[in-house]
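Residue numbers (the working numbering): 1 to 488. Just so it is clear, CB atoms sit at the ideal spot from N, CA and C, and this is done for glycine as well.
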């Protein structure tokens with residue numbers, strides 16, 4: 001379905017074609033035929049024949065901790081010092097060709113002395129953010145060979161990967177001004193946004209000056225950096241179309257193309273210092289970093305949600321995009337591909353969680369992964385963030401009682417209610433796989449799973465209620481999109 005919210009200038013140069021492929025208020029591009037991409041029939045094994053005592057963790061399980069990545073980089077460099085180790089990274093783990101790793105450094109307190117000690121060890125610092133009263137982060141890049149040294153510095157409590165986000169953008173062209181009737185509103189009420197400060201948070205405004213030359217943006221946009229990309233440019237065009245008298249501001253959570261949770265908090269806080277009246281963002285932060293960096297809570301306010309709440313408390317109207325993560329993979333909503341499941345823990349037998357919302361019982365949630373594709377899934381449950389004393393374990397099984405990967409973190413009262421699994425299909429053929437959740441100890445809690453993949457079918461059992469982070473804050477206005485064919 002074609003969505004409508006964004007407008008682009010007519011007769012623009014060729015490099016502005018990218019501005020016509022964007023979406024502000026939803027994650028849905030046009031429907032995509034996936035019948036040639038993946039099979040959709042899931043054959044479930046008979047788990048009653050599985051001998052759980054014989055089930056073993058695979059000997060070659062990949063360690064996705066920051067230490068595991070540093071070990072793999074060191075091994076590659078020992079074979080060839082000039083090897084390009086960026087291939088060892090992925091969306092969730094950013095590594096340069098020469099072995100620099102994108103990291104969060106957790107500190108007791110952000111001080112010039114602490115940052116100076118990191119720089120002295122060779123870390124390149126991008127930003128330092130107080131995420132909350134208890135969480136303080138310095139974000140930057142450091143060679144794999146010095147990360148242990150940074151972790152050992154006074155005042156440092158840990159090192160982990162950042163929590164990355166993405167824009168809710170798709171492939172559409174809009175006629176939003178006329179569909180929303182803001183042209184009539186301006187005419188009838190003689191208002192055009194004069195006196196209102198509107199701030200946009202998105203990926204970037206790299207080509208905003210070129211768009212301004214075509215008359216689609218004002219001469220001045222106050223910003224704290226251009227970011228990367230032009231989704232922000234597109235959003236500013238919409239606002240300028242609808243409220244041409246408004247003063248425009250822009251901030252990005254992106255530094256060199258990396259959208260992080262810390263960058264998002266920093267962008268919101270900067271908007272507050274500028275005294276804006278309205279903030280609009282199109283960012284999503286569902287999938288987390290690593291065990292040290294669990295990101296945003298699905299059940300309580302995390303750092304981004306708290307920053308948005310603080311902005312509203314200042315009198316700012318905050319608007320964000322809902323996206324379509326109930327059926328979205330690889331950041332986009334392909335027809336029929338479900339990426340989210342949520343439900344109260346029910347014992348399906350041997351403490352495995354039941355995924356089936358009907359009267360049936362099924363402790364497997366199946367899908368098919370294409371050759372070479374990666375799948376990442378995050379599990380959270382309804383405990384304090386942090387402060388969980390209920391312990392759940394998360395598994396990805398093959399169809400023959402074989403554990404492909406697992407996340408077995410311990411929750412005994414102080415940890416985050418969070419587990420993550422990641423697996424890449426290196427077999428060369430389609431693989432039918434199954435999520436499983438087991439209650440290791442504690443009480444029943446509401447469970448929630450978000451999955452990301454760059455090549456798979458969706459979850460067999462899926463559910464709605466996919467708003468999280470700033471999208472779930474009650475004072476924030478969370479919006480979707482309408483079809484361009486809908487006259488309003």
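- For the options 372, 392 and 160, the alpha carbon positioned closest to that of residue 436 is the one of 392.
- Annotation for residue 373: 424, 425, 453, 454, 455 and 456 place their beta carbon closer than 8 Å to its own, counting only its chain and skipping 5 residues before and after.
- Cα atoms of residue 404 and residue 47: separation of roughly 16 Å, rounded to the nearest angstrom.
- Taking 8 Å as the cut-off, the beta carbon of residue 262 is found closer than this to the beta carbon of residue 127.
- If you draw a straight line from the Cα of residue 91 to the Cα of residue 120, it is about 28 Å long.
- In the DSSP assignment, residue 317 falls within the beta strand (DSSP E) that extends over 317-321.
- In this structure, the CA atom of residue 368 is about 8 Å from the CA atom of residue 458.
- A contact is defined here as three or more CB-CB pairs under 8 Å, and the region 179-191 fails this definition with respect to the region 252-268.
- One thing to note: residue 164 has its Cβ no nearer than 8 Å to the Cβ of residue 137.
- By the C-beta criterion, the region 190-197 is judged not to be in contact with the region 212-220, since fewer than 3 inter-stretch pairs fall below 8 Å.
- When the alpha-carbon of residue 470 is set against those of 355, 282 and 381, the nearest one is in 282.
- By the neighbour-count criterion, in which 16 or more other beta carbons inside 10 Å mark a residue as buried, residue 237 falls on the buried side.
- A residue is called buried once 16 or more other Cβ atoms fall within 10 Å of its Cβ, and residue 296 is buried on that count.
- If you draw a straight line from the Cα of residue 301 to the Cα of residue 269, it comes to about 16 Å.
- Fully contained in the region 359-407 are the following beta strand (DSSP E) runs of length 3 or more, in chain order: 365-369, 374-381, 391-397 and 403-407.
- DSSP places residue 164 in the strand class (E or B) of the three-state scheme.
- Note: residue 447 is bridge-paired with 343 and 381 in the DSSP secondary-structure output.
- Residue pairing of residue 281 in beta bridges, as defined by DSSP: 201 and 320.
- Counting the other Cβ atoms within 10 Å of the Cβ of residue 188 gives fewer than 16, which makes it exposed.
- C-alpha of residue 445 to C-alpha of residue 382: approximately 6 Å in a straight line.
- DSSP places residue 459 in the coil class of the three-state scheme, outside both helix and strand.
- Between residue 85 and residue 99, the gap from beta carbon to beta carbon is short of 8 Å.
- For residue 89, same chain residues with a beta-carbon under 6 Å away, outside a window of 5 residues either side, are 95 in chain order.
- Judged by DSSP in its simplified three-state form, residue 439 adopts strand.
- With fewer than 16 neighbouring CB atoms inside 10 Å of its own CB, residue 477 falls in the exposed class.
- Of the other Cβ atoms in all chains shown, fewer than 16 fall within 10 Å of the Cβ of residue 413; this residue is therefore exposed.
- The three-state reading of DSSP puts residue 208 in helix, counting H, G and I together.
- Excluding residues up to 5 positions away in sequence, 159 lie with their Cβ nearer than 6 Å to the Cβ of residue 151 in the same chain.
- The three-state secondary structure of residue 473, taken from DSSP, is coil.
- Per DSSP, residue 221 lies in no beta strand (DSSP E) and is assigned neither H nor E.
- Classified as buried, residue 140 has 16 or more neighbouring CB atoms from the shown chains inside 10 Å of its CB.
- DSSP places residue 194 in the coil class of the three-state scheme, outside both helix and strand.
- In the three-state reduction of the DSSP assignment, residue 116 falls in the helix class.
- About 11 Å separates the beta carbon of residue 225 from that of residue 206, a gap too long to meet the 8 Å contact definition.
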